[in-house]
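If you're matching them up, the sequences are chains A and B in order.
Quick note: the first sequence, position 196, residue 195 per numbering that gives the first Met the number 0, numbers continuous.
Quick note: the second sequence, position 143, residue 142 per numbering that gives the first Met the number 0, numbers continuous.
Only one structure is covered here, and it is reproduced in the block below.
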Amino acid sequence: MIIDIHAHLWAGSYNEDKIRIIKACETFEINRVYISSLLSYYPDENEIRMLNDLTLGFMRERPGMIGGFAHVDPRHGNKLDVIDRAIGGGMEGVKLWVSVHCDDVRVDAVAKRCIQYNVPILMHAFHKAFGQLENESTAVNIRRIALRYPELRIIMAHLGGNAYHGMRCIYDLPNVYPDISGTPSGRSDLEYALDQAGEDRILFGTDMPMGGRQCLGRVRDAAITEEQKRKILYKNALRVLGGKNADGL
Amino acid sequence: MRTDYNCYIGGWPFSLRKKASLDDLMSAHERHGFETGLVGSLDSVLCNDPLEGDIALADILRHTRYGMSLTVNPMLPNIERDFAKAGELFDYSAFRVYPSVHGYGFDAPEFRNFMDIAGETGKPVFIMCSFGDARLDYLLMQRPVDMGPLKEFLGAEHRNPLVLCNIRMHEIDSAADEIRKHQNIYIDTSELKHSMFAIDDLKAGGLAKRLVFGSFFPLFDFGAAYIQLEGVDEDLRREILNRDVLKEVMK
Chain A
0 MIIDIHAHLW
10 AGSYNEDKIR
20 IIKACETFEI
30 NRVYISSLLS
40 YYPDENEIRM
50 LNDLTLGFMR
60 ERPGMIGGFA
70 HVDPRHGNKL
80 DVIDRAIGGG
90 MEGVKLWVSV
100 HCDDVRVDAV
110 AKRCIQYNVP
120 ILMHAFHKAF
130 GQLENESTAV
140 NIRRIALRYP
150 ELRIIMAHLG
160 GNAYHGMRCI
170 YDLPNVYPDI
180 SGTPSGRSDL
190 EYALDQAGED
200 RILFGTDMPM
210 GGRQCLGRVR
220 DAAITEEQKR
230 KILYKNALRV
240 LGGKNADGL
Chain B
0 MRTDYNCYIG
10 GWPFSLRKKA
20 SLDDLMSAHE
30 RHGFETGLVG
40 SLDSVLCNDP
50 LEGDIALADI
60 LRHTRYGMSL
70 TVNPMLPNIE
80 RDFAKAGELF
90 DYSAFRVYPS
100 VHGYGFDAPE
110 FRNFMDIAGE
120 TGKPVFIMCS
130 FGDARLDYLL
140 MQRPVDMGPL
150 KEFLGAEHRN
160 PLVLCNIRMH
170 EIDSAADEIR
180 KHQNIYIDTS
190 ELKHSMFAID
200 DLKAGGLAKR
210 LVFGSFFPLF
220 DFGAAYIQLE
230 GVDEDLRREI
240 LNRDVLKEVM
250 K
């Protein structure tokens, strides 16, 4: 079984993205993919509603295959309504991208609502040597918010971008689940992450439709046990999702 | 014969490469049915004298079924000495250049001088269009390759086969006309990860015939590169894995 905890629809190409995601699931036997929809770095409230409607629409089209994370912009006055509507519509988590750092005080209300709903937040995190966006979080920001809300389950995207930067920030935080999605695919990164954080928190993700098959290749080829692979590919995801939909898989 | 044209052995100073010996490379290759590869020296990339690492690599590869690429930094003075010395000490099948790491452009006179020398040999030139994800660099900062001069370089006639390694999909798209125009330009598969169905996309663009397999072992996961071929139709897959245009350069 495979659960992909981190994939997207891009509003500009969502029809093509849907086709590619479905094809990828069929080609690589991925059972369930968690989608959030993206467009601009600093969306307004209308854009957020449109994006979450795309996600909900895809979930309805493919109820077994597609799960959803609500794209929430913590700057917006209606952010809690967005979460309520999304969770009410069947989404299973919240996605924060790059409009504010994830430890910004405006995230606090989002964190509390997610704790109330018992759903995780997928937080973008990417430490870059160049090209860091103004409000793009790194694992340093993840650490701060994770310490502030130890009861909140946080999915740290992309192993923090650079695994060697990311893992040193969160290795000791049991509420942070690093996902391996995205294009960085340094050999030994996965094994390094396991060394640092243990086998019970690393999650499989692809960042589809922007590539993604390499993430599966690295798990398949990793010098780890079959049980560790199963944990990465789906067991840890079931736990971070709070056991929801586990019966259907 | 399945061939990996973009693999290395040696150490990398910025993150410990576990299991990066020749035995480990051979083990990864055997697991996926590869018989051989064109190996570069990771040590040489950052050596002040790249030949030091290449001499050590030649000793490791001697009497194996693997070919070797010579690491070239054209910005070093008197590189002619390196070619002469390398020719005396060991066999090598191709040149490998690292413009993003060694910091020069395709219009640099030193690079053009190297291409003149390489042209005399007819050996393929493997051009590393990137060397891993530059965003993750820390102590060493790559200077990403500028596509304008690269396209201009590719647009000119060259006597050698040219293999663009670690080139990304948007860069391939940008240079597609030049690549299509010249039959001696090839693309390795190691950085196709930015598209879920990259090989299908390249096939649609008429470029699949130019693909050769490269893993970028041990800096990338071998499996992360090999999975690019999954779901690709069998004939094309066989072609990519066994591309014989370059086979003549292998020992």
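For every residue, glycine included, the Cβ atom is placed at its ideal position computed from N, Cα and C.
Quick caveat: nothing in here was measured; it's all calculated off a predicted structure.
- In the structure shown, Arg-237 (chain B) falls within a helical segment according to DSSP collapsed to helix, strand and coil.
- Positions of the beta strand (DSSP E) runs, each at least 3 residues long and wholly inside the stretch 162 to 237 of chain A, are given as 175 to 177 in order along the chain.
- Using a CB distance below 9 Å, the part of the stretch 198 to 219 of chain B facing chain A consists of Phe-215, Phe-216, Pro-217, Leu-218 and Phe-219, ordered along the chain.
- Ser-98 (chain A) is not a Cβ neighbour of Phe-68 (chain A), given a cutoff of 8 Å.
- At a Cβ-Cβ threshold of 8 Å, Val-38 (chain B) and Met-67 (chain B) count as neighbours.
- Under the three-state reduction of DSSP, Thr-120 (chain B) is assigned to helix.
- Asn-5 (chain B) carries a strand assignment under DSSP once its states are collapsed to helix, strand and coil.
- Inter-segment contact for the stretch 153 to 163 of chain A and the stretch 120 to 129 of chain A is present: three or more beta-carbon pairs are separated by less than 8 Å.
- For Phe-68 (chain A), the uninterrupted beta strand (DSSP E) run begins and ends at 65 to 70, by DSSP.
- For the stretch 128 to 158 of chain A, the set of residues with a beta-carbon nearer than 8 Å to any beta-carbon of chain B comprises Ala-128, Phe-129 and Gly-130, in chain order.
- Within 10 angstroms of the beta-carbon of Met-0 (chain A) lie fewer than 16 other beta-carbons, which makes it exposed.
- In the DSSP assignment, His-157 (chain B) falls outside any beta strand (DSSP E), carrying neither H nor E.
- Per DSSP, the continuous alpha helix (DSSP H) segment holding Val-139 (chain A) begins and ends at 138 to 147.
- Against chain A, the beta carbon of Ile-126 (chain B) has no neighbour under 9 Å; the closest one sits roughly 20 Å away.
- Note that the C-beta distance between Met-127 (chain B) and Tyr-103 (chain B) is not below 8 Å.
- A straight-line Cα-Cα distance of about 26 Å links Ala-85 (chain A) and Leu-146 (chain A).
- By the rule that beta-carbons nearer than 8 Å mark a contact, Ser-43 (chain B) does not touch chain A.
- In the three-state reduction of the DSSP assignment, Cys-164 (chain B) falls in the strand class, which pools E and B.
- DSSP, read as helix, strand or coil, puts Ala-224 (chain B) in helix.
- Looking at the DSSP output, Asp-3 (chain A) shares a beta bridge with A:Val-32.
- Within 10 angstroms of the beta-carbon of Gly-216 (chain A) lie 16 or more other beta-carbons, which makes it buried.
- Within chain A, His-126, Lys-127, Ala-128, Gly-160, Asn-161, Ala-162, Tyr-163, His-164, Pro-183 and Gly-185 have C-beta atoms less than 9 Å from the C-beta of Leu-135 (chain B), given in sequence order.
- Between Met-155 (chain A) and His-7 (chain A), the gap from beta carbon to beta carbon reaches 8 Å or more.
- In the DSSP assignment, Phe-57 (chain A) falls within the unbroken alpha helix (DSSP H) covering 44 to 60.
- Under the DSSP assignment, Met-25 (chain B) falls outside any beta strand (DSSP E), being part of the alpha helix (DSSP H) whose first and last residues are 21 to 30.
- Between Gly-185 (chain A) and Leu-218 (chain B), the C-beta gap is smaller than 8 Å, which places the two residues in contact.
- Along the stretch 10 to 90 of chain B, the alpha helix (DSSP H) occurs as fully enclosed runs of 4 or more residues at 21 to 30, 41 to 45, 49 to 60 and 78 to 88, listed in sequence order.
- Lys-150 (chain B) sits in a helix when the DSSP states are folded into three classes.
- Against chain B, the CB of Arg-200 (chain A) has no partner CB under 8 Å away; the residue lies outside that interface.
- Pairing Met-114 (chain B) with Leu-149 (chain B), the inter-Cα distance amounts to about 13 Å.
- Under the three-state reduction of DSSP output, Met-140 (chain B) falls in the coil class, being neither helix nor strand.
- Residue pairing of Ala-93 (chain B) in beta bridges, as defined by DSSP: B:Ser-68.
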